[in-house]
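For the sequence shown, the numbering used here begins at 22 and goes up steadily by one.
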Amino acid sequence: MPDFNMVVIGAGGGPNENDLSSYIVKTSSARWEDGSLCLDAGSGLGALAGILTQHPRLFGSDHGHKTDVPESPQQAAVDVYYSISAFIISHGHLDHVTSLVLAAGSQSGPSKRIYALPTTIRVLETVFNGLIWPKLAMHERGTVPKSFYLYEPMSPQDGYTQVSPGISARVMPVTHGICSHSVDRAYESSAWFIRNDKTGSEFLYFGDVEPDSISNNPRTRQVWRAAAPKIKSGKLHTIFLECSWRSDRPNAMLFGHLSPPHVLEELRNLATEIRTYDGKSEPAIQPPPSLFASILAALGFGPKAPPPPPPFPDSQLLGSLKDIRLVVTHCKSTPEIFPDGATIADVICDEIRCLTNAAGLGITIFAAKQGDAIDI
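1. Please determine, among 389, 127, 385, 156, the residue with the shortest C-alpha to C-alpha distance to residue 353.
2. Pull up the DSSP beta-bridge partners for residue 59, would you.
3. With distance defined between alpha-carbon atoms, name the residue in 224, 107, 123, 260 nearest to residue 57.
4. Among residues of its own chain, excluding the 5 on either side of residue 348, which ones have a beta-carbon nearer than 6 Å to its beta-carbon?
5. Are the CB atoms of residue 182 and residue 231 within a distance shorter than 7 Å?
6. With the cut-off set at 7 Å, would you say residue 229 and residue 210 are in Cβ contact?
7. Taking C-beta to C-beta, are residue 72 and residue 59 nearer than 7 Å?
8. Return the chain-ordered ranges of every beta strand (DSSP E) run that is complete within the region 330-388 and spans a minimum of 3 residues.
9. Would you kindly work out how many angstroms separate the C-alpha atoms of residue 339 and residue 288, rounded to a whole number?
10. DSSP state of residue 23, grouped into three classes?
11. For residue 194, count the other beta carbons within 10 Å of its own beta carbon; 16 or more makes it buried, fewer makes it exposed. Which is it?
12. On the criterion of 16 or more Cβ atoms from any shown chain inside 10 Å, does residue 240 qualify as buried, or is it exposed?
13. If I follow the unbroken beta strand (DSSP E) through residue 94, where does it start and stop?
14. Taking the Cβ atom as the reference point for each residue, do residue 394 and residue 28 lie within a distance shorter than 7 Å?
15. Per DSSP, what kind of secondary structure is residue 83 in: helix, strand or coil?
16. Using only alpha-carbon positions, find the residue among 139, 233, 109 that is nearest to residue 215.
17. Based on Cα-Cα distance, which residue from 355, 137, 281 lies nearest to residue 378?
18. Rounded to the nearest angstrom, what separates residue 283 and residue 165 at their Cα positions?
19. Is the beta carbon of residue 41 sitting closer than 7 Å to the one on residue 64?
20. Rounded to a whole number of angstroms, what is the C-alpha to C-alpha distance between residue 34 and residue 112?
21. Using CA coordinates, which residue listed in 238, 50, 383, 38 is at the minimum distance from residue 22?
22. As a quick exercise: from 343, 373, 218, pick the residue whose alpha carbon is nearest that of residue 269.
23. Please state the DSSP three-state secondary structure of residue 219.
24. So, are the CB atoms of residue 126 and residue 168 less than 7 Å apart?
25. Is residue 12 helix, strand or coil when you go by DSSP?
26. Using only the alpha-carbon positions, how far apart do residue 52 and residue 234 sit?
27. If you run the structure through DSSP and keep just helix, strand and coil, what is residue 300?
28. Report buried or exposed for residue 158, applying the criterion of at least 16 other Cβ atoms within 10 angstroms of its Cβ.
29. Do you know how far the Cα of residue 226 is from the Cα of residue 247?
30. Would you mind working out which of 208, 224, 387 sits nearest residue 370, comparing C-alpha positions?
31. Could you name the residues of the same chain whose beta carbon sits closer than 8 Å to that of residue 313, not counting the 5 residues immediately before and after it, in chain order?
32. Just to confirm before moving on: does the CB-CB distance between residue 170 and residue 142 stay below 7 Å?
33. Are residue 62 and residue 138 close, meaning C-beta to C-beta below 7 Å?
34. Just the C-alpha distance for residue 117 and residue 150, rounded to the nearest angstrom, thanks.
35. On the three-state DSSP scale, how would you describe residue 251?
36. Whole angstroms are fine: how far does the CA of residue 383 sit from the CA of residue 375?
See below:
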């Protein structure tokens, strides 16, 4: 029996605004109507209504939702979307928050919480500022209108926090390209460990992320280091990771995203962390640097991060990821038409699969697609 049920409201990375990052998830023992968790909120009600037009029983009796025989796809979409109890937002870019913003103030039920890094909360505060959009989100201070969102900043030091019924989450920062407004010029995104509190099983969800190998502030290795003991113990077997571009995309044009060769690099890093894990304890969570330390680091001074473990040859990494499913997300749509009805996500996955098969990592690769029901 799976630990989680997920439905993909949107999986693309733009520019098609109808298919943007948004995933709703619950524990397999729960009902959708009892409250679900939404990972990012790019596409929303409109996309969901379109999905339910084609798959009206997607949230039906098999999943315990009251939309078993919906009055209309639009009403069913409202029922499903308004049953979301909390949002996890990986970063503040529009393709990850559009539906969160548009639906603000119109949802029924208790206030919905937004979990994100403090930097992402600050970005959202510039959106819900009364100019771009009404001030419909706030920090919990006194009485809060039910129609408002509640900001819930989270940091790696918080560990696991319950975010929705039966689900806890832990956040780790990653880097999503450069930003002239940031002290260290790094735009902060995040990766999230999502845990079923009853079974202890987890999956790993990445927002947008760039390759450590070309990053101004490489931090993905720390996520792999935290994932290694969970994989070794059998608690974690599914990873959602973006790959926005095809293999021929030059590094200078990645704009804070991954391409298939860089996905292979990152998976090798994960395999190396699994190979070197001593089985004794999980790695300690490092506190974030102070503002002064960040400025020194940006200027080339201050302590350097410890070097990563030496790489292993492929022969020593064979089969290291044989129990892992990689779900590829955030493939950017193109006007190109591919043979046999393939999508850009299919093409990118094929390129990743060729590279990982040649490296012998043993990992299973498939793409997240809008309307998919994924059991984890």
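All residues carry an ideal CB built from backbone N, CA and C; glycine is no exception.
With the given structure in hand:
1. 389
2. The partner list for residue 59 (beta bridge, DSSP) reads 45, 108.
3. With distances taken between Cα atoms, residue 57 lies closest to 107.
4. So the qualifying residues of the chain are 261, 389.
5. no
6. yes
7. no
8. 346-350, 385-388
9. 12 Å
10. coil
11. buried
12. buried
13. Here residue 94 belongs to no beta strand (DSSP E); instead the alpha helix (DSSP H) covers 94-103.
14. Yes, the Cβ-Cβ distance between residue 394 and residue 28 is below 7 Å.
15. The predicted position of residue 83 is uncertain, since its pLDDT is 43 and thus under 50; a value taken from the coordinates is nonetheless stated next. Coil.
16. 109
17. For residue 378, the closest alpha carbon among the candidates 355, 137, 281 is that of 281.
18. Each residue's Cα considered, the two are about 44 Å apart.
19. yes
20. Cα-Cα distance, rounded: 13 Å.
21. Nearest C-alpha to residue 22: 50.
22. 373
23. coil
24. yes
25. The question about residue 12 has no answer here: the residues shown for the chain are numbered 22 through 397.
26. Cα-Cα distance, rounded: 42 Å.
27. coil
28. buried
29. In a straight line, the C-alpha of residue 247 is about 13 Å away from that of residue 226.
30. 387
31. For residue 313, the predicted structure reports a pLDDT of 47, less than 50, and the residue's modelled location is therefore unreliable. The matter cannot be settled from this model.
32. No; because the gap between Cβ atoms is not below 7 Å, this pair is not in contact.
33. no
34. 18 Å
35. helix
36. 11 Å
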